[in-house]
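For reference, the structure is listed below as structure tokens.
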Amino acid sequence: MRLLLVEDDVMIGAGVRAGLRQDGYVVDWVQDGVAAEAALDSQQAFALVLLDLGLPRKDGLALLESLRRRGNRVPVLVITARDAVNDRVRGLDLGADDYLVKPFELHELAARIRAVLRRHAGRAEPLIEHGDFRVDPGTRKVFYQGREVSVSGREFSLLRALLDRPGQTLSRAQLEERLYGWGEEIASNAVEVHVHNLRRKLGERAIRTVRGFGYVIGEASAACRSGASLS
Amino acid sequence: MSIRRQLVVALLTALLATGIGASGATWFAVRKAANDLFDYHIEQMALSLADQTLATPAQAAVPLGQDYVVQVWDAGGVLVYISRNGAPLPLLHAGFENVSLDGEQWRVFTLHTPDRAIQVAAPADLRSGRATAVALRTLLPILASIPVYGFLIWLIVGHGLRPLTEIAGAIRRRDPASLDPLPERPMPEEVAPMVAELNGLLLRLREALDKQKRFTADAAHELRSPLTALQIQLDMLARARSPGETQEAIEGLRGGMKRAARLLEQMLTMARLEPQADARRVPVSLDQLVAEVATGLESLAEARRVQVRLARLERSTIEGEPQGLHALVRNLIDNAIRYTPAGGEVRLALFTDSAGVAIVVEDTGPGIPAADRARVFDRFFRLPGSGADGSGLGLAIVKQVADAHGAIVELGEGDGGRGLRVTVRFQAA
Chain A
15 MRLLLVEDDV MIGAGVRAGL RQDGYVVDWV QDGVAAEAAL DSQQAFALVL LDLGLPRKDG
75 LALLESLRRR GNRVPVLVIT ARDAVNDRVR GLDLGADDYL VKPFELHELA ARIRAVLRRH
135 AGRAEPLIEH GDFRVDPGTR KVFYQGREVS VSGREFSLLR ALLDRPGQTL SRAQLEERLY
195 GWGEEIASNA VEVHVHNLRR KLGERAIRTV RGFGYVIGEA SAACRSGASL S
Chain B
10 MSIRRQLVVA LLTALLATGI GASGATWFAV RKAANDLFDY HIEQMALSLA DQTLATPAQA
70 AVPLGQDYVV QVWDAGGVLV YISRNGAPLP LLHAGFENVS LDGEQWRVFT LHTPDRAIQV
130 AAPADLRSGR ATAVALRTLL PILASIPVYG FLIWLIVGHG LRPLTEIAGA IRRRDPASLD
190 PLPERPMPEE VAPMVAELNG LLLRLREALD KQKRFTADAA HELRSPLTAL QIQLDMLARA
250 RSPGETQEAI EGLRGGMKRA ARLLEQMLTM ARLEPQADAR RVPVSLDQLV AEVATGLESL
310 AEARRVQVRL ARLERSTIEG EPQGLHALVR NLIDNAIRYT PAGGEVRLAL FTDSAGVAIV
370 VEDTGPGIPA ADRARVFDRF FRLPGSGADG SGLGLAIVKQ VADAHGAIVE LGEGDGGRGL
430 RVTVRFQAA
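Chains A and B, in that order, give the protein sequences. Straight run, no breaks: the first sequence in this note's numbering ends on number 245. Straight run, no breaks: the second sequence in this note's numbering ends on number 438.
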């Protein structure tokens, strides 16, 4: 899951990035509004934008406004020191999905990111359930056909990317974009390796290869499907 | 003490005193007039008696009231006539005289003719009685009018003081937190300056309060950033899984702490500067101050591997506020060190020329783009990309102290167009 962090304060930016990385997110960090705009224009893979408002070169609210005007619907979570009700209302009205006032705790930030992502995916419940999969983004636990499977951070991210749009095929490049931030070394076969490992843990049918296109999440097994309908 | 009561008492006392004075004067005047009249009267009586040939004293054709006494003496000094029963008045020299007889005061006129002496006398208290009656008649209307005057004065003074009462009421009814000016309706000229002064005071209070409010709001806003950084590092520490991560988080906490402490210190400096606009001025030796501050910042410079050089240090003393000037010099040098990359240099110069005393601090840092130079004096303004260390208050403090001392702050490029050169110029006294 790749996030764009827009924060001009070096200490806060570095801290948030380190914290979210521990949570398994891929975090790209820019320090001004213009750089943020460029990043969003060139890269569609961001699942969410963490936006500070008091930014050099282009103010956060202006950035948000122009983003929405151009039809970019990426979820935006505003993190700011401006706590006046008017500021919050304006931020939300301009198209922010949530508003977090500084100072905040990392786990609240993480919870809000999960909530925004959940809402954006059109779910109300915290668990992602699809077919044989039950995934808890909060605890990063994966259940497949009722049993818990331990997966690495990247594997989890890959699984989430596929589960976010079930039935949609994601190319290797699209998956790479979602799994790796700027400047990160990517082995040419990185995605294949993660898919391979996941299949080893979950079974061959969990992730299907669409030849020439990429990967798609596997169909639910018959047993599980009937189980789901019974419950 | 109420002005109204004071005025009523004072005016009535004055009125009463004038009344008593007037009736006293009347009493004296009337008594004098009465005396003259009575004297004339008894003199005329005596003269008319002298003209008559008194065959027998009993034939005296003078109409005598009860009060008058007439005595006639012959040339031998024998009393030949007395108009009443009783002891005679003594024979006196010619003219008027006051005589006491049997406890009674008499006014006597004695007329000597060649063959006899004629005396006419009247009781003295008769005259004083008349004079007192007349004087009292003068005083009476004044006494009677005092309550009326008192009432009128009470009303008039009350009316005159109404603008004051109204202002007092307006102040009493105010919202205690309100610093709005009092309504400037047409006012008597005695009251208008007071209202104007009061409004001036309210305005200054309001400006000061607004300033404080803005500062508090700014400060609260600015403190959020270091607090956020601290909170995040604390969270990182709590979830650290290896000694390396723990160490990293602790380093982060330390940095955040240092930053918050510095911000706080700068805010306090700024807040302390606020009310000292009219602080006492004393001679301050700038060369000592600059040398002292530079020495104090040596360790910071060392830690940042920045060379601080005293290029020129002339003796110069100005009249100023020592604490403020210390903050100014410290922030100038501290700022220069902080924004200079490792291996760079900060040059200090202090000299006097025809325009006055100048402190020049030059660094080899990134400088300030001309477009941003006006804004860097704003509180909490930080240049984009200037790092997390600055409080955004350094140059604001410099500017504030400079303003209080009538000094000018100029920003420019360092030698060779790079770095920042700050010049603080104190006007020659």
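Glycine included, C-beta positions come from ideal geometry on N, C-alpha and C. None of these values were measured; they are calculated from a predicted model.
Option in the options with minimal Cα separation from residue i
i, options, result
"arginine 213 of chain B", "B:Thr225, B:Pro190, B:Met203 and B:Pro350", "B:Pro190"
"glycine 30 of chain B", "B:Leu148, B:Ile406 and B:Ala303", "B:Leu148"
"proline 132 of chain B", "B:Leu98, B:Glu422 and B:Gly167", "B:Leu98"
"alanine 23 of chain B", "B:Ile151, B:Asp124, B:Leu110 and B:Ala38", "B:Ile151"
"arginine 339 of chain B", "B:Val431, B:Pro192, B:Lys41 and B:Tyr90", "B:Val431"
"glycine 152 of chain A", "A:Glu218, A:His144 and A:Phe170", "A:Phe170"
"aspartate 124 of chain B", "B:Ala59, B:Glu175 and B:Ala103", "B:Ala59"
"leucine 297 of chain A", "A:Val205, A:His208 and A:Ala50", "Look at the range of chain A in this structure, 15 to 245, and you will see that residue 297 of chain A is not part of it."
"glycine 415 of chain B", "B:Phe390, B:Gly425 and B:Glu330", "B:Glu330"
"valine 366 of chain B", "B:Ser234, B:Pro197, B:Arg321 and B:Pro378", "B:Arg321"
"alanine 226 of chain B", "B:Leu337, B:Ala280, B:His168 and B:Phe435", "B:Ala280"
"methionine 142 of chain B", "B:Gly261, B:Leu207 and B:Arg40", "The sequence shown places alanine at residue 142 of chain B, not methionine. For the residues B:Gly261, B:Leu207 and B:Arg40, the minimum Cα distance to alanine 142 of chain B belongs to B:Arg40."
"phenylalanine 37 of chain B", "B:Ala144, B:Met266 and B:Thr304", "B:Ala144"
"glycine 112 of chain B", "B:Thr122, B:Pro195, B:Glu301 and B:Ala96", "B:Ala96"
Backbone CA spacing between residue i and residue j [nearest angstrom]
i, j, result
"threonine 373 of chain B", "aspartate 343 of chain B", "14 Å"
"isoleucine 12 of chain B", "leucine 218 of chain B", "35 Å"
"arginine 126 of chain A", "leucine 402 of chain B", "34 Å"
"alanine 238 of chain B", "arginine 268 of chain B", "10 Å"
"glycine 28 of chain B", "leucine 164 of chain B", "22 Å"
"alanine 175 of chain A", "alanine 383 of chain B", "49 Å"
"arginine 181 of chain B", "arginine 289 of chain B", "36 Å"
"histidine 230 of chain B", "alanine 247 of chain B", "26 Å"
"tyrosine 229 of chain A", "valine 90 of chain A", "27 Å"
"alanine 70 of chain B", "arginine 146 of chain B", "At alanine 70 of chain B the pLDDT is 45, less than 50, meaning the model places this residue with poor confidence; the figure from the coordinates comes in the next sentence. If you take the alpha carbons of alanine 70 of chain B and arginine 146 of chain B, they lie about 36 Å apart."
"alanine 201 of chain A", "serine 185 of chain A", "16 Å"
"methionine 276 of chain B", "phenylalanine 386 of chain B", "14 Å"
"glutamate 191 of chain A", "glycine 333 of chain B", "55 Å"
"arginine 14 of chain B", "leucine 170 of chain B", "12 Å"
"glycine 109 of chain A", "leucine 212 of chain A", "37 Å"
"leucine 306 of chain B", "alanine 405 of chain B", "20 Å"
"valine 293 of chain B", "alanine 28 of chain A", "45 Å"
"methionine 25 of chain A", "tyrosine 113 of chain A", "20 Å"
"leucine 295 of chain B", "valine 418 of chain B", "16 Å"
"glutamate 198 of chain A", "glutamine 58 of chain A", "17 Å"
"asparagine 203 of chain A", "phenylalanine 227 of chain A", "15 Å"
"leucine 262 of chain B", "aspartate 146 of chain A", "44 Å"
Where residue i sits in the DSSP three-state scheme
i, result
"glutamine 188 of chain A", "helix"
"tyrosine 158 of chain B", "helix"
"proline 292 of chain B", "strand"
"glycine 112 of chain B", "coil"
"isoleucine 200 of chain A", "coil"
"isoleucine 377 of chain B", "coil"
"valine 315 of chain B", "coil"
"proline 444 of chain B", "The structure shown does not extend to residue 444 of chain B, since chain B spans only 10 to 438, so no value can be given for it."
"glycine 104 of chain B", "strand"
"arginine 391 of chain B", "coil"
"glutamate 274 of chain B", "helix"
"alanine 294 of chain A", "In this structure chain A extends from 15 to 245, so residue 294 of chain A is not present and cannot be described."
"leucine 212 of chain A", "helix"
"alanine 367 of chain B", "strand"
"lysine 30 of chain B", "The question names lysine, but residue 30 of chain B in the sequence shown is glycine. Looking at glycine 30 of chain B - three-state DSSP - the assignment turns out to be helix."
"leucine 65 of chain A", "strand"
Own chain residues within Cβ distance below 6 Å of residue i, not counting five before or after
i, result
"valine 291 of chain B", "none"
"serine 243 of chain A", "Any reading at serine 243 of chain A must be qualified, since the residue scores a pLDDT of 39, below 50, and its modelled position is unreliable; no value is offered."
"glutamine 68 of chain B", "Any reading at glutamine 68 of chain B needs caution, since the residue's pLDDT is 46, under 50, leaving its predicted position unreliable; the model's value is listed next. Correct list: empty, nothing qualifies."
"valine 156 of chain A", "Val149, Val163 and Val165"
"glutamine 436 of chain B", "Gly365 and Gly415"
"arginine 222 of chain A", "Val230 and Gly232"
Cβ-based neighbour list, residue i, same chain, cut-off 7 Å, excluding 5 preceding and 5 following
i, result
"leucine 20 of chain B", "Ile162"
"aspartate 76 of chain B", "Ala131, Pro132 and Leu135"
"arginine 154 of chain A", "Gly38 and Phe170"
Sequence-distant residues of the same chain with beta carbon closer than 8 Å to residue i, five excluded per side
i, result
"leucine 54 of chain A", "Leu18, Phe60, Val63, Leu81, Asn86 and Val88"
"glutamine 114 of chain B", "Asn107, Val108, Pro132, Ala133 and Asp134"
"arginine 318 of chain B", "Glu354, Val355, Arg356 and Leu357"
"alanine 249 of chain B", "Thr255, Glu257 and Ala258"
"glycine 47 of chain A", "Val20, Leu69, Pro70, Arg71, Lys72, Asp73, Gly74, Ala76 and Leu77"
### Message
Below 8 Å, how does it come out for the segment 46-53 of chain B and the segment 120-139 of chain B: are there three or more Cβ pairs, yes or no?
### Response
When C-beta atoms of the segment 46-53 of chain B are compared with those of the segment 120-139 of chain B, three or more pairs fall below 8 Å, so the two segments count as touching.
### Message
If contact is defined by three or more beta carbon pairs under 8 Å, each pair taking one atom from either stretch, is the segment 27-39 of chain A in contact with the segment 111-128 of chain A?
### Response
As far as the Cβ criterion goes, the segment 111-128 of chain A touches the segment 27-39 of chain A, which means the pair count is three or higher.
### Query
Taking contact to mean at least 3 C-beta pairs separated by less than 8 Å, is the segment 245-264 of chain B in contact with the segment 130-140 of chain A?
Result no; under three Cβ-Cβ pairs closer than 8 Å.
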